[in-house]
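All the letters of the sequence shown, read from the start, carry residue numbers 1309 to 1836 under my numbering.
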Amino acid sequence: MNLVEDLALPVLVLAPLVVSVWLLVADRVGPPPRPGASRGLAVLAAVLVAAAAVVVVWRRPGLEFTWIESLGVQIDLGVDGLSAPFVLLTGLMAVVATLVPYHDPLTDARARGPGQPEKTEPMDVEGGLPVPRSLATYYACLLVVVGGSLLTFLTRDALVFFVAFEMVLVPMWVLVARHGDATTRADRDGAAMRFLLFTATGSMLMLIGILALWGATGTTDLTRWADLAGSSLDGGTQVIVAVILLIGLGIKVPVWPLHTWLPWVHATAPTAGSVLLAAVLLKMGAYGMIRLVAAPLPGGLAAAAPVLAGLAVTGILWAGLACLVERDLKRLIAWASIGHLGFVVLAIAAGTETGLQAAVYGNMAHGLISALLFVLVGSLKHQWGGADLATARAALREVSPRLGFALVLGMAAAMGLPGLAGFWGEWGAIYASWAPGPGRTEGWFRFFAVLAALGAVLAVAYAVRVLREVWAGDRRSPAIRDVRGAELGVLVVLGVGIVALGVYPVALLDLTAPAVEGIIAHLGVVGR
């Protein structure tokens, strides 16, 4: 067991990165690997990552060595109750992303045209002509995103946190620009450029905040930052640094009104890219708010909390209304993500133990729900030839019962129904807002709690709308095949996770409680 424990952390970090490098080299030296071989190797790496994640969370090994001695920067890796759920979620999503079939846009019914056979080799369009390409780069990019995300959640050093955070941007840009669902290169390039510009701006602001904290504390150790709890900064400076970090991380969550890049990118990204973006990358922003702001800058967060909570609630309502009129199903799920993450940000702004627990729980729930819905919508979009709700098609309950059940489960969870994962995070956030921590104006936060509850009602309305238009009805044509194989396995695992989190929330709450209590203790707050 000692050998397994010693190897688990290096395998967790290095397996996706080493395999991604091998795939990239193989794609450019000699004949490129066949798509099946690339996928098989990526799935193997993802399974290793998932297994290593379980061992790391269970045994809690650590790894520490000096990276840049002159600057005092350390590679200090490990897990605590706060990072453990995110590590497990990333391990699961690595398997999901590599198992989900790759759908080239030219094989969609709309791009294919009537009577034309599906192509078996991935293709691209340059100047209107089909050009074969390998999938090695595609799977390599997925694995780099996974590796960078894991390093972000595992590191205890702020500078390494920033570097790891930035690792995921270029491969995600490649996934959208080169492998996106859009059938025209201009659409893919536009979405990818918007993603890069927004997230790079957020990165610049995040780096400024990290450098300010580094200069004030003389260290990049996140644990030391939490212990100091902002004591090395005067009140005004702490507020300024907190605001800079919140804006930078708010772009990455994203928080309204910094959200405009997300629906476009989700609508364009390949299914696996949307899964990783929603279930992992967006979580890094919320995780950063806790690690870089809530713990080391409690006074700054308290000062900014009313504005942050107001923006979060505005995002909840804005996204809910957008979902009521959005015609593209994939874009609708993206808007729903903005609303769900608004509850997470509201919970963080509340500044209580209940709020931080609800924020972590809401992140995990959203990860599972959004992954299930994007896998499902990806399958539907491939067979429908598009995701427009206005197109007449067969009701899922009539022709595709397994897809139909998955849609009902996902939308029920998105509504926040009791017994499913979405319930505890949303209502925990509302409760935390009703009873906020010190330094928060109770009247304002109770007003925000009421507005957030109205946002939950909007979630019910748009979920029922989707079910009415896609699942219900008596149309039996044009029929589509039901989900099977790897896609079915993925949907089953995600569905079981959604139900398990809803029925037995204490498993996650017990895992995160020690770390959350530690943060609250540094804040001098009595948990609620």
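The C-beta atom is built at its ideal place from N, Cα and C for all residues, glycine as well.
Residue 1815 counts as exposed, since fewer than 16 other C-beta atoms from the protein chains shown sit within 10 angstroms of its C-beta. Judged by beta-carbon spacing, residue 1586 lies within the 7 Å limit of residue 1678, meaning their Cβ atoms are closer than that value. Taking the C-beta atoms as reference points, residue 1463 is found no nearer than 7 Å to residue 1470. In chain order, 1381 and 1528 place their CB closer than 6 Å to the CB of residue 1467, counting only its own chain and leaving out the 5 sequence neighbours on each side.
For residue 1734, the uninterrupted alpha helix (DSSP H) run begins and ends at 1729 to 1742, by DSSP. DSSP places residue 1818 in the helix class (H, G or I) of the three-state scheme. Annotated three-state conformation of residue 1533 is helix, per DSSP.
Looking at 1348, 1494 and 1603, the one whose alpha-carbon comes closest to that of residue 1546 is 1603. DSSP places residue 1381 in the strand class (E or B) of the three-state scheme.
Distances from the CA of residue 1454 to each of 1818, 1590, 1613 and 1767 were compared; the closest alpha carbon is that of 1590.
Between residue 1487 and residue 1578, the CB-CB gap stays under 7 Å. For residue 1517 and residue 1345, the gap between their C-alpha atoms comes out near 43 Å.
Counting every other CB atom within 10 Å of its CB across the protein chains shown gives residue 1818 a total below 16, marking it as exposed. By the C-beta criterion, the stretch 1661 to 1679 is judged to be in contact with the stretch 1739 to 1752, since at least 3 inter-stretch pairs fall below 8 Å. With 16 or more other Cβ atoms from the protein chains shown falling within 10 Å of its own Cβ, residue 1588 counts as buried. Proximity to residue 1676 across 1564, 1729 and 1319 peaks at 1729, based on C-alpha coordinates. DSSP places residue 1696 within a strand segment (E or B) once states are collapsed to three.
Within the same chain, 1561, 1652 and 1671 come within 6 Å of residue 1594 by CB-CB distance, once the 5 residues on both sides are set aside.
For residue 1376, DSSP records a beta bridge to 1381. Between residue 1447 and the set 1459, 1409 and 1473, the nearest pair of CA atoms involves 1409.
Counting along the chain, the unbroken alpha helix (DSSP H) around residue 1715 starts and ends at 1709 to 1723. Considering only 1699, 1633, 1691 and 1559, the residue with the shortest C-alpha distance to residue 1767 is 1633. For the pair residue 1351 and residue 1316, the CB atoms are not nearer than the 7 Å cut-off. Beta-bridge partners assigned by DSSP to residue 1465: 1529.
Taking residue 1606 as reference, the option from 1533, 1627, 1391 and 1760 with the minimal CA-CA separation is 1533.
Contact between residue 1592 and residue 1687 does not hold, since their C-beta atoms are separated by about 27 Å, which reaches or exceeds 8 Å. A check of alpha carbon separations from residue 1531 across 1601, 1682, 1504 and 1493 identifies 1601 as the nearest. Here residue 1712 is near residue 1779, since their CB atoms are less than 7 Å apart.
Residue 1371 is bridged by DSSP to 1385. Of all alpha-carbon atoms in 1555, 1611, 1680 and 1614, the one lying nearest the alpha-carbon of residue 1403 is that of 1680. Counting every other CB atom within 10 Å of its CB across the protein chains shown gives residue 1543 a total below 16, marking it as exposed.
Pairing residue 1557 with residue 1596 gives a Cβ-Cβ distance under 7 Å.
Beta-bridge pairing by DSSP links residue 1636 to 1696.
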